[in-house]
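Visitor: All residue numbers for the sequence shown refer to UniProt numbering, where the first residue is 1 and numbers rise by one.
Where is the CB? At the ideal position from N, CA and C, for every residue including glycine.
Just passing along the structure, written as structure tokens.
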Amino acid sequence: MTSARAEPDADAFRAAMGRFPTGVTLLTQGSGDDTAVMTLNSLTSVSLDPMLILVSVKADGRMRPRISRAGSFAVSVLTAAQRGLAREFCRPDRCEGWAAMLRLAAEKGITGNAVLPAAEMSLECVLDAEHEAGDHTLLIGRVVALHGGASEPDPLLFHQGRFGELPAVSDKEHP
Numbered sequence: 001m002t003s004a005r006a007e008p009d010a011d012a013f014r015a016a017m018g019r020f021p022t023g024v025t026l027l028t029q030g031s032g033d034d035t036a037v038m039t040l041n042s043l044t045s046v047s048l049d050p051m052l053i054l055v056s057v058k059a060d061g062r063m064r065p066r067i068s069r070a071g072s073f074a075v076s077v078l079t080a081a082q083r084g085l086a087r088e089f090c091r092p093d094r095c096e097g098w099a100a101m102l103r104l105a106a107e108k109g110i111t112g113n114a115v116l117p118a119a120e121m122s123l124e125c126v127l128d129a130e131h132e133a134g135d136h137t138l139l140i141g142r143v144v145a146l147h148g149g150a151s152e153p154d155p156l157l158f159h160q161g162r163f164g165e166l167p168a169v170s171d172k173e174h175p
């Protein structure tokens, strides 16, 4: 058994949470000349009725006020082949506007936010609620559109500070 830390610091907490593998997404707000995008790995399904998801963004970051003003956002779950996009859109100097739309090969969704047709799947949401939580804001989105999911799953994963992917599943392993 490992020793417990009575008062963990931020580095220890980050390392501990890094042991929990997550999917990797791009959070988008706007489209065309008004496109903003960021890499995000904090996507949680909250409710089926109504269909709600939760994303967590920095309270003082660029994305939170945009989503608050617009009242909507989209989340696209990345495939293993989209690892480069995940890296590119986590940088502070990431592209925006039409350059981002072109780089993502994105389309304008029904909420007016960019979605990636080549993603594992995309969710379009209207903002249902915001909750302050430490240095982040939890954004609850009501899902109004769902795209993709027709192909064999190949999600991009993030674990212990590195990107990864699931091993291929043979036909014999399918139920």
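Can you say whether S72 is buried or exposed, counting buried as having 16 or more other CB atoms within 10 angstroms of its CB?
Guide: buried
Visitor: Are I140 and D128 touching if we call contact CB-CB under 8 Å?
Guide: Yes. Within cutoff.
Visitor: Determine the burial state of L109: buried for a count of at least 16 other Cβ atoms within 10 Å of its Cβ, exposed for fewer.
Guide: Just to set this straight, residue 109 is Gly in the shown sequence, not Leu. So G109 counts as buried.
Visitor: Please determine, among S31, D34, M38 and L27, the residue with the shortest C-alpha to C-alpha distance to I53.
Guide: L27
Visitor: List the residues that DSSP assigns as beta-bridge partners of residue 211.
Guide: Not covered by the structure: residue 211. The range shown for the chain is 1 to 175.
Visitor: Are V55 and S42 touching if we call contact CB-CB under 8 Å?
Guide: For the pair V55 and S42, the CB atoms are nearer than the 8 Å cut-off.
Visitor: Rounded to the nearest angstrom, what separates L116 and L85 at their Cα positions?
Guide: The alpha-carbon atoms of L116 and L85 are separated by roughly 11 Å.
Visitor: Within 10 Å of its beta-carbon, does E132 have 16 or more other beta-carbons around it, so buried, or fewer, so exposed?
Guide: Exposed, by the Cβ-count rule.
Visitor: Taking its Cβ as the centre, do 16 or more other Cβ atoms sit within 10 Å of F13, making it buried, or is it exposed?
Guide: exposed
Visitor: Pull the bridge partners of Q82 from the DSSP assignment, please.
Guide: Paired residues: none, contrary to the question.
Visitor: DSSP three-state call for A99: helix, strand or coil?
Guide: helix
Visitor: Where does P92 land, buried or exposed, given buried means 16+ other C-beta within 10 angstroms?
Guide: exposed
Visitor: For A59, which residues in the same chain have their Cβ closer than 7 Å to its Cβ, ignoring the five residues on either side in sequence?
Guide: Contacts found: E132, D135, H136 and T137.
Visitor: Measure the Cβ-Cβ separation of L40 and A74 and say whether it is below 8 Å.
Guide: no
Visitor: If you reduce the DSSP assignment to three classes, tell me which class S31 lands in.
Guide: coil
Visitor: Is it the case that the Cβ atoms of R83 and L166 are separated by a distance below 8 Å?
Guide: no
Visitor: Taking the alpha-carbon positions, what's the A118 to E7 distance?
Guide: A118 and E7: Cα-Cα distance of roughly 43 Å.
Visitor: Let me confirm a value: G30 is counted as buried when at least 16 other C-beta atoms fall within 10 Å, else exposed. Which label applies?
Guide: buried
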